[in-house]
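This report refers to the structure that appears directly beneath it.
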């Protein structure tokens, strides 16, 4: 090995593919707020005393404990442009679906749908535990004061589940920045025009395909710094906007 100083970092900041993979990684994180909203709505629905909630909880949680590689292969088949299940369903409504994973315009939304579906059960379970742990006295007192459903959500439910939301945002951002398995299985070449390649996938390509260990390590360091800064900002913003219930 030869010490080359910061040459790898200079090369990295001139690498268009590095910026593209950063953009793709950030784009895929759009699924985080979508997943949190859906999981909160599901948790709110399943927290009600209706028949069949246990079955639905189990169904929603099955993808969480399933193999990520197996699920990626399953969704790769579902997104197939010729015989995939997604296009077969769309054909029922007279819609000619695209080849999802081979189209630069649809590959990232397709992966977002898959990742939201995969993590929905985990977030839902945490939200469900938080909602069910809210003391009923708070809601009863609010009803006596004439509070509406929106006011009860704003002043009771949301502040009580806020720590769970903060935890999920931080962990999902950290996990989203490391997305690799789905990309490597569903789009092993990084998608059309590198449209689905993420930072970790690109690091892996450079390290274990091109054997550019020094260059890959430099990108890993920058990725670690980005994750640290974003996480620190989340903690700072959470402290600034902390909500206390008297």
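Residue numbers (the UniProt record's numbering): 1 to 246.
In this text, a Cβ means the ideal position worked out from N, Cα and C, and glycines have one as well.
Rounded distance between the beta-carbons of residue 124 and residue 39, thought under 8 Å: Counting from 1 along the chain shown, the entry for residue 39 is found at position 39. Counting from 1 along the chain shown, the entry for residue 124 is found at position 124. Sure, about 4 Å apart at Cβ, within 8 Å.
Cβ-Cβ separation, residue 120 to residue 35 (assumed contact under 8 Å), whole Å: Taking the first residue of the chain shown as position 1, residue 35 is located at position 35. Taking the first residue of the chain shown as position 1, residue 120 is located at position 120. The Cβ separation is near 6 Å, so the contact holds.
CA-to-CA distance, residue 205 to residue 232, given in whole angstroms: Taking the chain shown and counting its residues from 1, the one referred to as residue 232 is at position 232. Taking the chain shown and counting its residues from 1, the one referred to as residue 205 is at position 205. Taking the straight line from one Cα to the other gives about 29 Å.
Helix, strand or coil at residue 73 according to DSSP, with G and I counted as helix: One-based indexing of the chain shown puts residue 73 at position 73. Three-state result, residue 73: helix.
Backbone CA spacing between residue 129 and residue 92 [nearest angstrom]: On the chain shown, position 129 is the one that residue 129 refers to. On the chain shown, position 92 is the one that residue 92 refers to. Taking the Cα positions, residue 129 is about 39 Å away from residue 92.
Backbone CA spacing between residue 117 and residue 68 [nearest angstrom]: For the purposes of this step, residue 117 is identified with residue 117 of the chain shown, where counting begins at 1. For the purposes of this step, residue 68 is identified with residue 68 of the chain shown, where counting begins at 1. About 12 Å.
Nonlocal neighbours in the same chain, by C-beta distance under 6 Å from residue 158, ignoring five residues either side: In the chain shown, residue 158 corresponds to position 158, counting from 1. Excluding residues within five positions, none has a Cβ falling inside 6 Å.
Which of helix, strand or coil DSSP assigns to residue 239: For the purposes of this step, residue 239 is identified with residue 239 of the chain shown, where counting begins at 1. Looking at residue 239 - three-state DSSP - the assignment turns out to be helix.
Element boundaries [alpha helix (DSSP H), containing residue 19]: Reading the chain shown from its first residue, position 19 is the one you call residue 19. Looking at the DSSP string, the run of the alpha helix (DSSP H) that includes residue 19 is 16-28.
Residue burial classification, residue 88 (beta-carbon count within 10 angstroms, cutoff 16): Translated into the one-based positions of the chain shown, residue 88 becomes position 88. Of the other Cβ atoms in all chains shown, fewer than 16 fall within 10 Å of the Cβ of residue 88; this residue is therefore exposed.
Which listed residue (154, 132, 133) has its alpha carbon closest to that of residue 142: Within the chain shown, the letter at position 142 stands for residue 142. Residue 142 has its Cα closest to that of 154, out of 154, 132, 133.
As assigned by DSSP and simplified to three states, the class of residue 177: One-based indexing of the chain shown puts residue 177 at position 177. Here DSSP, grouped into helix, strand and coil, assigns residue 177 to coil.
Residue 246, buried or exposed, once every other Cβ within 10 Å from all chains shown has been counted against 16: One-based indexing of the chain shown puts residue 246 at position 246. A caution first: residue 246 carries a pLDDT of 42, below 50, which makes its placement in the model too unreliable to give a value.
Sub-9 Å separation of residue 166 and residue 238 beta-carbons: By one-based count along the chain shown, residue 166 stands at place 166. By one-based count along the chain shown, residue 238 stands at place 238. Against a cut-off of 9 Å, the Cβ pair of residue 238 and residue 166 comes out as a contact.
Alpha-carbon spacing of residue 136 relative to residue 146, whole angstroms: Taking the first residue of the chain shown as 1, we reach residue 136 at position 136. Taking the first residue of the chain shown as 1, we reach residue 146 at position 146. Straight-line Cα distance between these residues: approximately 16 Å.
Beta-carbon proximity of residue 207 to residue 197, cut-off 9 Å: Taking the first residue of the chain shown as 1, we reach residue 207 at position 207. Taking the first residue of the chain shown as 1, we reach residue 197 at position 197. Their beta carbons are not under 9 Å apart, which means residue 207 does not touch residue 197 by this criterion.
Neighbour-count burial assignment, residue 52, 16 or more Cβ in a 10 Å radius: Residue mapping note: residue 52 aligns to position 52 of the chain shown, counting from 1. Label assigned to residue 52: exposed.
Alpha carbon of residue 81 to alpha carbon of residue 27, nearest angstrom: Sequence index remark: in the chain shown, residue 81 carries index 81 (1-based). Sequence index remark: in the chain shown, residue 27 carries index 27 (1-based). Spanning the two alpha carbons is a distance of roughly 23 Å.
Nearest-angstrom Cα separation, counted from residue 95 out to residue 13: Numbered from 1 along the chain shown, position 13 holds the residue referred to as residue 13. Numbered from 1 along the chain shown, position 95 holds the residue referred to as residue 95. Cα-Cα distance, rounded: 43 Å.
DSSP state of residue 246 mapped onto helix, strand, coil: Within the chain shown, residue 246 is the residue found at index 246, counting from 1. Per-residue confidence for residue 246 stands at a pLDDT of 42, beneath the threshold of 50, marking its modelled position as unreliable; the derived number appears in the next sentence. In this structure, residue 246 counts as coil in the three-state DSSP scheme.
Per-residue DSSP class, three states only, for residue 222: In the chain shown, counting from the first residue as 1, residue 222 sits at position 222. Residue state, collapsed to three classes: helix.
Buried versus exposed, by CB contacts within 10 Å (16 or more), residue 229: On the chain shown, position 229 is the one that residue 229 refers to. By the 10 Å Cβ count, residue 229 comes out exposed.
Whole-angstrom C-beta distance between residue 24 and residue 195, which should lie under 8 Å: Position 195 of the chain shown, counting from 1, holds the residue named residue 195. Position 24 of the chain shown, counting from 1, holds the residue named residue 24. Right, the Cβ-Cβ distance comes to about 7 Å (below 8 Å), so this counts as a contact.
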